[in-house]
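Trainee: Dropping a structure here in structure tokens format, bear with me for questions.
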Amino acid sequence: MTKHSLGMLIAASICATSAQAEFSCGGPLTETQVRGFEVLFKPAYSPALTKMGATVADGNFSKKLTAAQLKSLTVDKPIVAATATLGEAEAKFLKKALNDNAQSSVPGWFSTVIGAFVPQAWVGITADVMIQLINGKGDAGRLSLANIAGTVGPGGNVSVVERVGKDKNGVQKFIWAYSHTANLNGKPTTALLYACAADIVPVP
Numbered sequence: 001m002t003k004h005s006l007g008m009l010i011a012a013s014i015c016a017t018s019a020q021a022e023f024s025c026g027g028p029l030t031e032t033q034v035r036g037f038e039v040l041f042k043p044a045y046s047p048a049l050t051k052m053g054a055t056v057a058d059g060n061f062s063k064k065l066t067a068a069q070l071k072s073l074t075v076d077k078p079i080v081a082a083t084a085t086l087g088e089a090e091a092k093f094l095k096k097a098l099n100d101n102a103q104s105s106v107p108g109w110f111s112t113v114i115g116a117f118v119p120q121a122w123v124g125i126t127a128d129v130m131i132q133l134i135n136g137k138g139d140a141g142r143l144s145l146a147n148i149a150g151t152v153g154p155g156g157n158v159s160v161v162e163r164v165g166k167d168k169n170g171v172q173k174f175i176w177a178y179s180h181t182a183n184l185n186g187k188p189t190t191a192l193l194y195a196c197a198a199d200i201v202p203v204p
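Okay, so the sequence shown: first residue is 1 according to the numbering used here, each after it adds one.
Structure below.
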């Protein structure tokens with residue numbers, strides 16, 4: 001279920017450099033659906049990756065971070081970078097995107113509120129595991145996108161979280177993940193829809 005999504009990154013800042021960089025993503029959403037998810041936020045969310053060099057390829061995008069930004073993001077608990085309450089138009093888009101992938105499933109976690117929620121399982125998680133988590137289970141099990149689509153409506157919540165964490169080789173990565181929270185079977189439940197990690201390029 002792991003995918004690379006270039007389209008959502010092309011709108012990021014462009015800067016030529018000889019440095020090597022790479023990113024990876026996991027989740028059932030298509031490139032177009034991820035880009036549509038990002039504009040559910042006001043202003044639209046972007047991971048703001050930088051294209052490295054002239055070629056548009058998976059290995060040519062990275063996250064530039066100052067020392068201060070790196071310090072603020074190097075935390076165990078992911079930081080909520082963007083959150084939004086769905087209106088009618090936003091809910092319609094998300095419901096269609098999920099129904100278009102109705103046969104897929106993602107992990108879910110019970111929440112305490114219909115709002116931005118960071119499950120305990122995401123705290124301190126490595127970059128590799130965060131991406132692989134899309135294939136695992138939360139405390140609410142695995143949720144079909146068809147069932148999640150049935151919960152989507154005005155008043156539901158979408159969120160993006162960010163943090164800096166290491167990968168299996170001990171290399172620091174910029175991590176970001178997209179989620180949706182709504183009542184499922186009478187309980188607030190957060191579904192992880194997409195997760196990504198990118199190399200970090202320190203800047204002054």
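Where is the CB? At the ideal position from N, CA and C, for every residue including glycine.
Spatial neighbours of Pro188 within its chain, please: C-beta separation below 8 Å, excluding the five flanking residues on both sides.
Mentor: Numbered from its first residue, the sequence shown carries residue 188 at position 188. Excluding sequence neighbours, Pro188 sits near Phe110, Ser111, Thr112, Val113, Ile114, Phe117, Thr181 and Ala182.
Trainee: Could you pull the DSSP bridge partners for Val201 from this structure?
Mentor: The residue given as residue 201 occupies position 201 in the sequence shown. Answer is Lys64, bridged to Val201.
Trainee: Would you identify the three-state DSSP class for Arg163, choosing helix, strand or coil?
Mentor: As a position in the sequence shown, residue 163 is number 163, starting the count at 1. If DSSP states are grouped into helix, strand and coil, Arg163 belongs with the strands.
Trainee: Would you please state the rounded distance, in angstroms, between the beta carbons of Val161 and Pro107? I believe it to be under 8 Å.
Mentor: In the sequence shown, counting from the first residue as 1, residue 161 sits at position 161. In the sequence shown, counting from the first residue as 1, residue 107 sits at position 107. About 14 Å separates the two Cβ atoms, so there is no contact after all.
Trainee: Determine the closest residue to Val80 out of Ala97, Val201 and Val158, with distance taken between C-alpha atoms.
Mentor: Residue mapping note: residue 80 aligns to position 80 of the sequence shown, counting from 1. For the residues Ala97, Val201 and Val158, the minimum Cα distance to Val80 belongs to Val158.
Trainee: By Cβ distance, which residues of its chain are closer than 7 Å to Ser146, with the 5 residues on each side in sequence left out?
Mentor: Stepping through the sequence shown from its first residue, residue 146 is reached at position 146. Here residue 146 is Ala; the residue named in the question, Ser, does not match the sequence. Around Ala146: Asn99 and Ala102.
Trainee: Would you verify that the beta carbon of Glu31 is, or is not, closer than 7 Å to some beta carbon of chain B?
Mentor: Any reference to chain B falls outside this structure, which holds one protein chain only.
Trainee: Would you report the Cα separation of Asp167 and Ala127, rounded to the nearest angstrom?
Mentor: In the sequence shown, residue 167 corresponds to position 167, counting from 1. In the sequence shown, residue 127 corresponds to position 127, counting from 1. Roughly 5 Å separates the two Cα atoms.
Trainee: Distance check for Gln69 and Val129, CA to CA, integer angstroms please.
Mentor: If you number the sequence shown from 1, residue 129 lands on position 129. If you number the sequence shown from 1, residue 69 lands on position 69. Cα to Cα, Val129 sits roughly 23 Å from Gln69.
Trainee: Using 10 angstroms around the beta-carbon of Gln33, count the other beta-carbons present and answer buried if the total reaches 16, otherwise exposed.
Mentor: Translated into the one-based positions of the sequence shown, residue 33 becomes position 33. The residue in question, Gln33, is buried, as its Cβ has 16 or more Cβ neighbours within 10 Å.
Trainee: Quickly, what does DSSP pair Trp109 with across the bridge? List them, please.
Mentor: As a first step, residue 109 is located in the sequence shown; it is residue number 109 there, counting from the start. BP columns for Trp109 point to Thr190.
Trainee: With a threshold of 16 other CB atoms inside 10 Å of the CB of Ala44, please say whether the residue is buried or exposed.
Mentor: If you number the sequence shown from 1, residue 44 lands on position 44. Exposed, by the Cβ-count rule.
Trainee: Report the residue ranges of all beta strand (DSSP E) runs contained in full by the region 83–144; include only those spanning at least 3 residues, in chain order.
Mentor: 105–110 and 142–144
Trainee: What residues are listed by DSSP as bridge partners for Ser179?
Mentor: As a first step, residue 179 must be located in the sequence shown, where it is residue number 179. Answer is Ser159 and Leu192, bridged to Ser179.
Trainee: Asn185: buried (16+ other C-beta within 10 angstroms of its C-beta) or exposed?
Mentor: Reading the sequence shown from its first residue, position 185 is the one you call residue 185. When all chains shown are included, Asn185 counts as exposed.
Trainee: For Val39, which of Ile148, Val123 and Leu86 has the nearest alpha-carbon?
Mentor: Within the sequence shown, the letter at position 39 stands for residue 39. In this structure, Leu86 is the residue among Ile148, Val123 and Leu86 with its C-alpha nearest to the C-alpha of Val39.
Trainee: From the DSSP output, which residues share a beta bridge with Val75?
Mentor: Translated into the one-based positions of the sequence shown, residue 75 becomes position 75. Paired residues: none, contrary to the question.
Trainee: Tell me the DSSP secondary structure of Thr50 in three-state form.
Mentor: Residue numbering aside, residue 50 sits at position 50 when the sequence shown is read from its first letter. Residue state, collapsed to three classes: strand.
Trainee: Give me whichever residues DSSP pairs with Gln205 in a beta bridge.
Mentor: Coverage of the chain is limited to positions 1 through 204, which leaves residue 205 absent and any answer about it impossible.
Trainee: Where does the unbroken alpha helix (DSSP H) through Val37 begin, and where does it stop?
Mentor: In the sequence shown, residue 37 corresponds to position 37, counting from 1. Sequence check: residue 37 is Phe here, not Val. That run of the alpha helix (DSSP H) goes Glu31 to Glu38.
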